[in-house]
Amino acid sequence: MSTERKPPVIVPPLQTPDHPSKSAAFIFIHGLGDEATGVENIAHQFQSAGKLPHMSWIFPNALENRDAMKTAWYLPTPLSPYPSSRPELDDPEDEAGIKSSMDYLVSLINDLVSQGVSEKRVVIGGFSQGCAMALLISLTSKYAGRLGGLVGLSGYLPLVDRIPLMREEAGVARHVDDDVEMFLARGTRDMLVPKRHFRIATEALSSLGVKEEKLIVREYEGMGHVISGPELRDMSQWLERVVPQLE
């Protein structure tokens, strides 16, 4: 894997708050084979519509993964729509790659906090493999239970069976007991991330203790493995509630 990483694309807020504690930030993580410039238009769409003018947007870049032969936060494994008949023969998940990427993404949160941005005013989210990374950071990093919210679009949750232990290793309780808001969404015609894996993620969140009233789940009829306008409108309303503009 290349050790050279492109810097994040940063879209500053339209209106800079008079104090960092009143600001908000959204770290949005791109998917497999993409890069920050492929998703930064989300911020421009919001800003052109006058939405969330107080929010800064950070779009990090994954490294080039030689094994995957594309940009990747970790080496992916196949996502079958059906349970494996021989799970002992399945390819192992790339836990080392996942943790390395987590370390980098957590460093971006550290940077925001060092600038005076409140943890509760930081939202982390992503698309597809980026969703997977956002979920793991929200659940198993040192910021577990401390961020403002989690957005997961067309994604899934890796290392499901390892989550309680990873939480313990991060110094948090194995069981979730916090008020972090979560917004998860997918399209009904997503062929790349089958519904089974989306369901595994939502069921895992419930079993871990995520409160039903804190988890919003949306499915968009006829939408494939993409980000759609209706989805972004719903996400915008959710963000305005979770990290509202402060006077």
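Mapping of the sequence shown onto the numbering used here: position 42 corresponds to residue 294, and the numbering continues sequentially without gaps. Ideal placement from N, C-alpha and C gives every residue a C-beta, glycine not left out.
Coil, strand or helix - residue i by DSSP
i: Y356; result: helix
i: G349; result: helix
i: T560; result: Any property of residue 560 remains undetermined from this structure, which presents the chain solely from 253 to 499.
i: D426; result: Inspection of the sequence shows that residue 426 is occupied by Arg rather than by Asp. In the structure shown, R426 sits in coil (DSSP, three-state: anything other than H, G, I, E or B).
i: V445; result: coil
i: D485; result: Correcting the residue identity first, residue 485 is Arg in this sequence and not Asp. It is helical.
i: K303; result: coil
i: E473; result: coil
i: R493; result: helix
i: R419; result: helix
i: P269; result: coil
Rounded Cβ spacing between residue i and residue j (contact assumed at less than 8 Å)
i: A277; j: M307; result: 7 Å
i: G407; j: V445; result: 6 Å
i: V263; j: E292; result: 6 Å
i: L327; j: N313; result: That belief does not hold up - the Cβ atoms of L327 and N313 are roughly 17 Å apart, past 8 Å.
i: V358; j: I310; result: Wrong, their Cβ atoms sit about 13 Å apart, outside the cutoff.
Interface flag, residue i vs chain D, CB-CB below 7 Å
i: S370; result: In the displayed structure, chain D is absent; only one protein chain is listed.
Residues sharing a beta bridge with residue i, DSSP
i: W309; result: V263, F278
i: E465; result: Answer by DSSP bridge pairing: none, since E465 is not bridged.
i: G439; result: Y472
Check whether the region 473 to 484 and the region 413 to 423 touch, using three or more Cβ-Cβ pairs below 8 Å as the test.
Note that the region 473 to 484 does not touch the region 413 to 423; fewer than 3 beta-carbon pairs, one per stretch, sit closer than 8 Å.
Please list the segments of the alpha helix (DSSP H) lying wholly inside the region 361 to 402, counting only runs of 4 or more residues, in order along the chain.
If one requires a minimum length of 4 residues, the alpha helix (DSSP H) runs lying completely within the region 361 to 402 are 381 to 392, in chain order.
Okay, do the region 370 to 385 and the region 267 to 285 touch, 3+ Cβ pairs below 8 Å being the bar?
Note that the region 370 to 385 touches the region 267 to 285; at least 3 beta-carbon pairs, one per stretch, sit closer than 8 Å.
Measuring CB atoms only, is the region 328 to 345 touching the region 438 to 454, in the sense that at least three cross pairs come out at less than 8 Å?
The region 328 to 345 makes contact with the region 438 to 454; the number of CB pairs closer than 8 Å reaches 3 or more.
Take every Cβ of the region 454 to 469, pair it with every Cβ of the region 343 to 359, and state whether three or more of those distances are shorter than 8 Å.
Segments in contact, no.
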